[in-house]
Amino acid sequence: MYFSLITPRPGLERTAVHDWLGNAYGEHQWLWRFFPAPEGTERDFLFRRRDVDGLPRFYVVSRRLPESDATAWQVQSREYEPSPPVGARLSFELRANPVVTRSVNGKGKRHDVVMDEKQRLLRERDLPCWKAWTPGQKSPGGMPDPRPPLYEIVQRTCTDWLQSRAQDHGFSLESAGTIVESYRQHGGKNGQLRFSTVDFQGELVVTDQEKFANALRSGIGRAKAFGCGLLLVRRA
Numbered sequence: 098m099y100f101s102l103i104t105p106r107p108g109l110e111r112t113a114v115h116d117w118l119g120n121a122y123g124e125h126q127w128l129w130r131f132f133p134a135p136e137g138t139e140r141d142f143l144f145r146r147r148d149v150d151g152l153p154r155f156y157v158v159s160r161r162l163p164e165s166d167a168t169a170w171q172v173q174s175r176e177y178e179p180s181p182p183v184g185a186r187l188s189f190e191l192r193a194n195p196v197v198t199r200s201v202n203g204k205g206k207r208h209d210v211v212m213d214e215k216q217r218l219l220r221e222r223d224l225p226c227w228k229a230w231t232p233g234q235k236s237p238g239g240m241p242d243p244r245p246p247l248y249e250i251v252q253r254t255c256t257d258w259l260q261s262r263a264q265d266h267g268f269s270l271e272s273a274g275t276i277v278e279s280y281r282q283h284g285g286k287n288g289q290l291r292f293s294t295v296d297f298q299g300e301l302v303v304t305d306q307e308k309f310a311n312a313l314r315s316g317i318g319r320a321k322a323f324g325c326g327l328l329l330v331r332r333a
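To convert, note that position 35 of the sequence shown is 132 in my numbering; the numbers rise steadily by one, no gaps.
#1: I need the boundaries of the beta strand (DSSP E) containing F144, first residue and last residue.
#2: Rounded to whole angstroms, how far is the Cβ of E300 from the Cβ of R186, which I believe are closer than 8 Å?
#3: Rounded to whole angstroms, what is the Cα-Cα separation between L224 and Q282?
#4: Quick check: what's the CA-CA separation for P179 versus L109?
#5: For the candidate residues F309, E190, K235, whose alpha-carbon lies nearest to that of P181?
#6: Out of V158, V210, D141, V183, which has the shortest C-alpha to C-alpha gap to Q264?
#7: Looking only at DSSP bridge pairs, what is D296 linked to?
#8: Between the region 135-155 and the region 193-210, do three or more beta carbon pairs fall short of 8 Å?
#9: Within 10 angstroms of its Cβ, does E136 collect 16 or more other Cβ (buried), or is it exposed?
#10: Give me the residue from R160, S188, N194, Y156 with the minimum Cα distance to E139.
#11: What would DSSP say about F131, mapped onto helix, strand or coil?
#12: What does DSSP give as the partner residue(s) for S165 in the beta ladder?
#13: Since R192 and G324 are thought to touch, with beta carbons under 8 Å apart, how far apart are those beta carbons, to the nearest angstrom?
#14: Could you tell me the boundaries of the beta strand (DSSP E) in which I103 lies?
#15: Between the C-alpha atoms of E214 and T168, what's the straight-line distance to the nearest angstrom?
#16: Decide if H266 is buried, meaning its Cβ has at least 16 other Cβ atoms within 10 Å, or exposed.
#17: In terms of residues, what are the limits of the beta strand (DSSP E) holding Q173?
#18: Which whole-angstrom value describes the C-beta separation of Y99 and E176, a residue pair presumed to lie in contact below a C-beta threshold of 8 Å?
#19: Looking at the structure shown, is G123 part of a helix, part of a strand, or coil, going by DSSP?
Written as structure tokens, this is what we have:
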């Protein structure tokens, strides 16, 4: 395995940005240029984009060593065989696509956890849409029933989502210190919602060395082709 950092070459930043497609649907296709392979080859890398001083940079974990294509982008790579011991406390960052599967007409369908929770709250109150939840909303007992802020729903539902997956990925989550931010909905063709992302950061404790090492190599959750799932860690 390899851990790589792909950044604009100094002095060629404008050329690099012009060359970069700059959207979630094009990024994974664009990154294939660093991993030339026959058509039909399955993606064998994870990536995470992070913008620094207005310029994109890409963190990549891959099975193959990425190739520099002598353009306006430079590639720095090192071998990557992570295996933190049980009990290790690590700071982490994760961009993820939190979803839950619900049965619809006998078939499993994935839902954004934030939208799923909003729909649950609306059903409980027999309301048709979020805007119908007015400031004067009352509970059946006549008590004030204010609409929760979106950031509270995002923090709670997304933290619960990550917490529910922690054991299977070999760690426990210090949930009290977990920050969830940058909730975004990404539209597909015809303006339809395609997937959503959030950024996590906080601390975790390794509980299973093998499972955690696999999570670092293979990622967490879905939408990995769109820059989700790569778990970045460092010593706390």
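Heads up, the beta-carbon is just placed ideally off N, CA and C, and yes, glycines get one too. Small disclaimer: the values here were computed from a predicted structure and weren't measured.
If we stick to the structure as given:
#1: Translated into the one-based positions of the sequence shown, residue 144 becomes position 47. F144 -> beta strand (DSSP E) spans 142-149.
#2: As a first step, residue 300 is located in the sequence shown; it is residue number 203 there, counting from the start. As a first step, residue 186 is located in the sequence shown; it is residue number 89 there, counting from the start. Right, the Cβ-Cβ distance comes to about 6 Å (below 8 Å), so this counts as a contact.
#3: Working through the sequence shown from its first residue, we reach residue 224 at position 127. Working through the sequence shown from its first residue, we reach residue 282 at position 185. Distance between the alpha carbons of L224 and Q282 is about 23 Å.
#4: Position 82 of the sequence shown, counting from 1, holds the residue named residue 179. Position 12 of the sequence shown, counting from 1, holds the residue named residue 109. Cα to Cα, the separation comes out at about 33 Å.
#5: Indexing the sequence shown from 1 puts residue 181 at position 84. Residue F309 is the option with its Cα nearest to P181.
#6: Looking up residue 264 in the sequence shown gives position 167. Of V158, V210, D141, V183, the residue nearest in Cα terms is V183.
#7: The sequence position of residue 296 within the sequence shown is 199, counting from 1. Per DSSP, R192, E278.
#8: no
#9: In the sequence shown, the residue the question calls residue 136 occupies position 39. E136 comes out exposed.
#10: Locating residue 139 in the sequence shown gives position 42, where the first residue counts as 1. The shortest C-alpha separation from E139 is found at R160.
#11: Taking the first residue of the sequence shown as position 1, residue 131 is located at position 34. It is helical.
#12: Taking the first residue of the sequence shown as position 1, residue 165 is located at position 68. Paired residue(s): none; S165 is not in a bridge.
#13: Sequence index remark: in the sequence shown, residue 192 carries index 95 (1-based). Sequence index remark: in the sequence shown, residue 324 carries index 227 (1-based). With 8 Å as the limit, R192 and G324 qualify as a contact, their Cβ atoms being about 6 Å apart.
#14: Along the sequence shown, read from residue 1 onward, the residue named residue 103 stands at position 6. Its beta strand (DSSP E) spans residues 99-105.
#15: Residue numbering aside, residue 214 sits at position 117 when the sequence shown is read from its first letter. Residue numbering aside, residue 168 sits at position 71 when the sequence shown is read from its first letter. Each residue's Cα considered, the two are about 45 Å apart.
#16: Your numbering for residue 266 matches position 169 in the sequence shown. That one is buried.
#17: The residue you call residue 173 lines up with position 76 of the sequence shown. Its beta strand (DSSP E) spans residues 170-176.
#18: Your numbering for residue 99 matches position 2 in the sequence shown. Your numbering for residue 176 matches position 79 in the sequence shown. Sure, about 6 Å apart at Cβ, within 8 Å.
#19: Counted from its first residue, the sequence shown places residue 123 at position 26. Helix, per DSSP.
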